[in-house]
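What follows is one structure encoded as structure tokens, with my remarks underneath.
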Amino acid sequence: MGNKSGFHYAWLVVLGCGLMIAGTVTFYTVVIGNFFVPASEELGIEYSMISLYSTLVYLGIAAGLPFVGNLLPKIPPVGIAAFAALQSVLVAALSFSNSVIWWWVGGAIIGIGMSFTSIVFVSTVLTNWFVKKTGFAIGLAWALASVASAIMSPVTVELISAMGWRTSMLVFAIVAAVMAVPSALFLVRYSPDRKGIKPYGYDPNDAAAEDISSGVPAKKAVGSLAFILVAFALAATQIVSVINSYFPVYAESVGFAPTVGALMISVALIFDIALNPIIGATIDKFGAVRAFVAWAIVSILSMLILMASAGNELVAYLGAGLGDTLYVLLGVGIASVASTVFGTKDYGKIFAYITIFGFAAGSVGGFIITSLYELTGSFEMVFVFCIVMIVAIMLAVVAAGKVGKKLPWVTDEAEASAK
């Protein structure tokens, strides 16, 4: 498993991360939405009541993240597998629930478990495993999760139609567990040194190669201006990215058939599969900050296309697809910017604190979007709001890249000798 030729175990880690993301994050934040309508109808409650599950998942993630950075290096594979299994057990238990309260409680606990299997874990692990092609690796892992979700979403709809939401949800939880738990146990490892090998792309003869253990100490990074700027960029991206969930509402507001809104979401998911590795590759080639800004401009273009799409379904689909760049930037984009600004030394700790703001913001993103729509009666101001926010995000990322250069970088060896 050398670095220069032959197969490297790092690519199995990518596969494992993709399966684990699918069996926890994307299944239990995106695909699970297929169960909301039939469950709310049987329980005799409003759709908005059961959809609070999603809000509480995000708040649960935010609550768990303060502990993730410090604990991740210490948790063995069986511990990560246990967090993945916990989520599936709780989702399976929800199939027997007769009160929406259990959805709320379950959502919060699932979120806490998800804080150990989501973006911080995956970004930290793959940053450890890849010296080169890090962005592509992170993007590929998320793309694999999107493929699994794109397959599982229509399958769940058919299952619900054939056997009801309760039995289908139990099957859904089992499938997720089969994907996530073995992956955490047998494929994913925190760092290559735990398998006695070097990361992908490591070359001891390359004097220009980056020291994989160099970076800004967490004590110096957290609370710095660069930290605040990256945290703002993540939180703002989280807020505007939820617009994809409201494509059906937009479609109805401009007179499209209901199927158009649903297909807009499907198109965005298809674009997600392709955009994750593409954006990751451009980050590797041009640098995280430059690539982030370039793709953020594409997301602005998507908003302008959506503003002009009334009466033209094909234009709406194009806008929806390009709009998925926001979701990709929320994952591989922000993760790569944080790695560029702060290095890899204490990356897990720093990024965990940064993402707290993102997931907390995600819990109010839908409220902001719906409030703007209800106040104005159209999506025009929603799109304008998103454009303004994206510009602010771009400025924050550029500024973070500049002020981050003034932060002190050290290596583990240098720190040890100083003591």
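Take 236 as the starting number for the sequence shown in the working numbering and just add one per residue. Glycine included, C-beta positions come from ideal geometry on N, C-alpha and C.
Buried or exposed, going by whether 16 or more other CB atoms sit within 10 Å of the CB of residue i?
i: Met629; result: buried
i: Phe242; result: exposed
i: Ile386; result: exposed
i: Asn269; result: buried
i: Pro512; result: buried
i: Lys520; result: exposed
i: Ala497; result: exposed
i: Thr391; result: buried
i: Asp559; result: buried
i: Gly431; result: exposed
i: Phe365; result: buried
i: Val313; result: exposed
i: Ser396; result: exposed
i: Lys309; result: exposed
i: Phe421; result: exposed
i: Phe331; result: exposed
i: Tyr582; result: buried
i: Leu375; result: buried
i: Ala573; result: buried
i: Gly279; result: exposed
i: Leu541; result: buried
i: Ala543; result: exposed
i: Leu539; result: exposed
Quick test of your reading: residue i and residue j, contact by CB under 8 Å. State the CB separation rounded to the nearest angstrom.
i: Met284; j: Val335; result: 5 Å
i: Leu557; j: Val576; result: Contact flag wrong, Cβ pair sits at about 27 Å.
i: Gly601; j: Val477; result: 5 Å
i: Ala701; j: Ile256; result: Any question about residue 701 goes unanswered here, given that the chain covers just 236 to 654.
Have a look at residue i and residue j and give me their C-alpha separation to the nearest angstrom.
i: Asn238; j: Pro434; result: Below a pLDDT of 50, predicted positions are generally treated as unreliable, and Asn238, at 47, falls in that range; the measurement from the model is reported next regardless. Answer to the nearest angstrom: the Cα atoms are 7 Å apart.
i: Gly566; j: Ala509; result: 14 Å
i: Gln234; j: Ala486; result: Residue 234 cannot be examined here, being either before or after the span of the chain that is shown, 236 to 654.
i: Lys640; j: Thr590; result: 21 Å
i: Tyr562; j: Leu247; result: 24 Å
i: Lys584; j: Leu607; result: 35 Å
i: Ser537; j: Val623; result: 13 Å
i: Leu294; j: Pro439; result: 43 Å
i: Ser403; j: Pro389; result: 12 Å
i: Val410; j: Val638; result: 45 Å
i: Thr646; j: Leu361; result: 19 Å
i: Ala470; j: Gly348; result: 21 Å
i: Gly522; j: Leu287; result: 38 Å
i: Gly341; j: Leu321; result: 10 Å
i: Ile603; j: Asp428; result: 45 Å
i: Tyr552; j: Tyr481; result: 14 Å
i: Glu609; j: Asn479; result: 17 Å
i: Ala580; j: Gly450; result: As written in the sequence, residue 580 is Lys, which differs from the Ala given in the question. In a straight line, the C-alpha of Lys580 is about 5 Å away from that of Gly450.
i: Val272; j: Met616; result: 28 Å
i: Ser459; j: Ile625; result: 22 Å
i: Tyr244; j: Val423; result: 10 Å
i: Ser358; j: Ala316; result: 17 Å
i: Gly399; j: Thr264; result: 20 Å
i: Ala555; j: Val292; result: 25 Å
i: Phe506; j: Val416; result: 27 Å
i: Leu329; j: Ser350; result: 20 Å
i: Gly258; j: Ala631; result: 33 Å
i: Gly636; j: Val495; result: 40 Å
i: Ala651; j: Ala466; result: Below a pLDDT of 50, predicted positions are generally treated as unreliable, and Ala651, at 43, falls in that range; no measurement from the model is reported.
i: Ser275; j: Val599; result: 22 Å
i: Met499; j: Ala492; result: 11 Å
i: Ala443; j: Trp339; result: With a pLDDT of 46 at Ala443, under the threshold of 50, the predicted position of this residue should be treated as unreliable, though the coordinate-derived value follows. The straight-line gap from Cα to Cα measures roughly 51 Å.
i: Gly504; j: Ile267; result: Checking the sequence, you will find Leu at residue 504 rather than Gly. In a straight line, the C-alpha of Leu504 is about 15 Å away from that of Ile267.
i: Glu445; j: Lys367; result: Caution applies to Glu445, whose pLDDT of 48 falls short of 50 and renders its modelled position unreliable; the value that the coordinates give is listed next. Looking at the two C-alpha atoms, the distance is approximately 10 Å.
i: Gly436; j: Gly251; result: 19 Å
Among the residues of its own chain, which have a CB less than 6 Å from the CB of residue i, if the five just before and after it don't count?
i: Asn363; result: Ser426
i: Leu254; result: Met414, Ser418
i: Ala587; result: Leu300, Val303, Gly304, Val355
i: Gly568; result: Phe527
i: Ser571; result: Gly370, Ile518, Ala523
i: Ala408; result: Ser323, Val326, Ala327
Report all residues from its chain with a CB closer than 7 Å to the CB of residue i; omit the five preceding and five following residues, and keep chain order.
i: Ser659; result: Given that the chain is displayed from residue 236 to residue 654, the structure contains no residue 659 and the question cannot be resolved.
i: Ala545; result: Val489
i: Ala634; result: Leu464
i: Phe262; result: Ser384, Met387, Ala411
i: Ala297; result: Ile591, Phe594, Ala595
i: Ala461; result: Val576, Ala635, Val638, Gly639, Leu642
Going by beta carbon distance, what residues of the same chain come within less than 8 Å of residue i, once the five residues before and after it are set aside?
i: Lys455; result: Leu642, Pro643
i: Thr517; result: Gly370, Ala526, Ala529, Trp530
i: Ile514; result: Gly370, Gly374, Ala526, Trp530, Thr560, Val563, Leu564, Val567, Gly568
Can you confirm whether residue i, when its beta carbon is compared against all beta carbons of chain D, has any partner nearer than 9 Å?
i: Gly268; result: Structure shown: chain D not included; a single protein chain is present.
Taking 8 Å as the line, does the beta carbon of residue i fall inside it for any heavy atom of the ligand HEM?
i: Ser571; result: You won't find the ligand HEM in this model; it holds no ligand whatsoever.
Next item on the list: Entirely within the segment 507–565 and at least 3 residues each: give me those beta strand (DSSP E) ranges in chain order.
Entry: none
Notebook entry, point to check: Whole alpha helix (DSSP H) runs in the segment 597–647 with 4 or more residues, listed along the chain?
Noted result: 615–638
Item checked: Ranges of the alpha helix (DSSP H) found wholly within the segment 348–395, counting only runs of at least 4 -> 354–364
Notebook entry, point to check: Which full runs of the alpha helix (DSSP H) of 4+ residues lie inside the segment 293–357, going along the chain?
Noted result: 312–329, 335–349
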